[in-house]
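Right, one structure below, let's go through it.
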Amino acid sequence: NEWQEDDVLVLDGGNDIGPEESVAVSVVGTDKNIDYEPPPGIKIRRNRQTQTREREQSLRLRYENFEPQHQVSATKVLTRNANYTQYTRMRMFVHGDDVNTSYVVGDSSDLELFVRFGADTTNYYEFVSRILPGWVGARAGYKGNEVDIDLLEIARLKSNLQMGRFDSLGQQLAILDTVIAEPRLRDFRPAVYRVRGNPSMQQIKELTIGLRNRGQGIYTGEVLVDELRLEEGRNDPGGAAFARVNTKLA
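Read in order, the letters of the sequence shown correspond to residues 1 to 250 in this note's numbering.
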């Protein structure tokens, strides 16, 4: 496991970190966890020589006594810079906790998942969305938990930031958000694209996956993420018409 837990972060309006508050990252899968179920549609191959099923694994982010307006996360520093300019989409399966579901509020939830990729903690792209229990939010065919990022759209947001946007006090913005809600994506559930600083799709050095508690409750549970993949290669002259790369999370 190449992921490392980050320190619990207190957001605006949050209280001090609790003595029992923590986050732990680990791996779960078909080889060691009898109750583990892969994401819908994932086919587990069988080894022709041994006639055994190959392992299918997810990264698990376990949160304990997760306080309101706090953030927990884990980060993977890449051994070499990645170039995302060849692709147009980033996708990832997400499983919300389906045992301790008190974080669910009506048709939404208090827990906000974020996926961050970039150079460091001050230069990055970020995707943000609320999560629901299970891989499919306890609804057949639901895809609202799935991360689906339009890399071209989020890159355009960086261009807007660099054009010089200012707040109501006349201060130049360092972070810019936009809400994305499309009928063909995530069952029309909104997501937020965010860019901070001056990230480059050609210089991706680290990945961060985490949660923010946007409610008033204190929660204990876990979220699983599986098969981060870059898809739909850009149809540029001289380039591949289609490409797909999986980044093993676990």
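Ideal Cβ positions, reconstructed from N, Cα and C, are used throughout, including at glycine. Just so we're clear, the structure is a prediction, and the values are computed from it rather than from any experiment.
Between the Cα of N145 and the Cα atoms of V99, L113, G18 and R60, which residue gives the shortest distance? Selected option, being the one with the closest Cα: L113.
Cα-Cα separation between R55 and S26, rounded to whole angstroms: Taking the straight line joining both Cα atoms gives about 15 Å.
Return yes when the Cβ of V136 is within less than 8 Å of the Cβ of R91, no when it is not. A distance of 8 Å or more separates the beta carbons of R91 and V136.
Check each candidate in T121, S108, Q69 and L132 and name the one with the smallest Cα separation from D12. Minimum Cα-Cα distance from D12 among the listed residues T121, S108, Q69 and L132 corresponds to Q69.
Given this structure, state the Cα-to-Cα distance separating V77 from G118, to the nearest angstrom. The alpha-carbon atoms of V77 and G118 are separated by roughly 10 Å.
Do you know whose CA, among T220, S200 and E231, lies nearest N81's CA? Comparing alpha-carbon positions, the option among T220, S200 and E231 lying closest to N81 turns out to be S200.
If you check the beta carbons only, do L152 and T208 fall under 8 Å apart? Their beta carbons are not under 8 Å apart, which means L152 does not touch T208 by this criterion.
For I154, does the three-state DSSP call read helix, strand or coil? Note: I154 maps to helix in three-state DSSP.
Continuous beta strand (DSSP E) stretch holding R89: start and end: In the DSSP annotation of this structure, the continuous segment of the beta strand (DSSP E) that includes R89 starts and ends at Y87 to H95.
Quick check: the Cα distance between G14 and E67, rounded to an integer number of angstroms? Answer to the nearest angstrom: the Cα atoms are 8 Å apart.
Report buried or exposed for S159, applying the criterion of at least 16 other Cβ atoms within 10 angstroms of its Cβ. Classification of S159: exposed, given that the 10 Å Cβ count is below 16.
Skipping 5 residues on each side, what residues in its chain have a beta carbon closer than 6 Å to that of Y219? Excluding sequence neighbours, Y219 sits near F66 and Y103.
Count the other CB atoms within 10 Å of the CB of E126; is the residue buried (16 or more) or exposed (fewer)? Buried.
Exposure label - E20; buried when at least 16 CB within 10 Å: Under the 10 Å beta carbon count, E20 is surrounded by fewer than 16 other beta carbons and is classified as exposed.
Can the beta-carbon of V223 be found closer than 8 Å to that of G134? Not a contact, by the Cβ cut-off of 8 Å.
Nearest-angstrom Cα separation, counted from G18 out to L228: Taking the straight line from one Cα to the other gives about 32 Å.
Let me check one thing: in DSSP terms, what residues is D148 bridge-paired to? Beta-bridge analysis with DSSP links D148 to R91.
From the DSSP secondary-structure annotation, give me the bridge partner or partners of V23. According to DSSP, which records beta bridges pairwise, V23 is partnered with Y63.
Distance between V72 and S22 (C-alpha atoms, nearest Å): If you draw a straight line from the Cα of S22 to the Cα of V72, it is about 8 Å long.
Can you find the residues in the same chain that come closer than 6 Å, C-beta to C-beta, to Y63, ignoring five residues on each side of it along the sequence? Within the same chain, Cβ atoms closer than 6 Å to the Cβ of Y63 are found at V23 and V72, the five residues on either side in sequence being excluded.
Taking D150 as the reference, give the member of E231, V105 and G217 with the closest Cα. Of E231, V105 and G217, the residue nearest in Cα terms is E231.
Near T178, what residues of its chain come up, given a Cβ to Cβ distance below 6 Å and the 5 sequence neighbours on each side ignored? Non-local C-beta neighbours of T178 in its own chain, meaning closer than 6 Å and more than five positions away in sequence, comprise L157 and Y193, ordered along the chain.
Output the boundary residues of the beta strand (DSSP E) element that contains V136. Here V136 belongs to no beta strand (DSSP E), and DSSP marks it neither H nor E.
For V99, is the classification buried or exposed, using 16 other Cβ atoms within 10 angstroms of its Cβ as the cut-off for buried? Counting Cβ neighbours within 10 Å, V99 comes out exposed, since fewer than 16 surround it.
Using the three-state DSSP reduction, which class does R184 fall into: helix, strand or coil? Annotation note: pLDDT 47 at R184 (below 50); position unreliable, coordinate value reported separately. Coil, per DSSP.
Give every residue of the same chain whose Cβ lies closer than 8 Å to the Cβ of P38, excluding the five residues on either side of it in the sequence, and list them in chain order. Closer than 8 Å at the Cβ level, and outside the excluded window around P38, lie T30, I44, E56, S58 and D226.
With a cut-off of 8 Å on the beta carbons, I'd call T122 and G210 a contact; round off their distance for me. Not a contact, Cβ separation roughly 16 Å.
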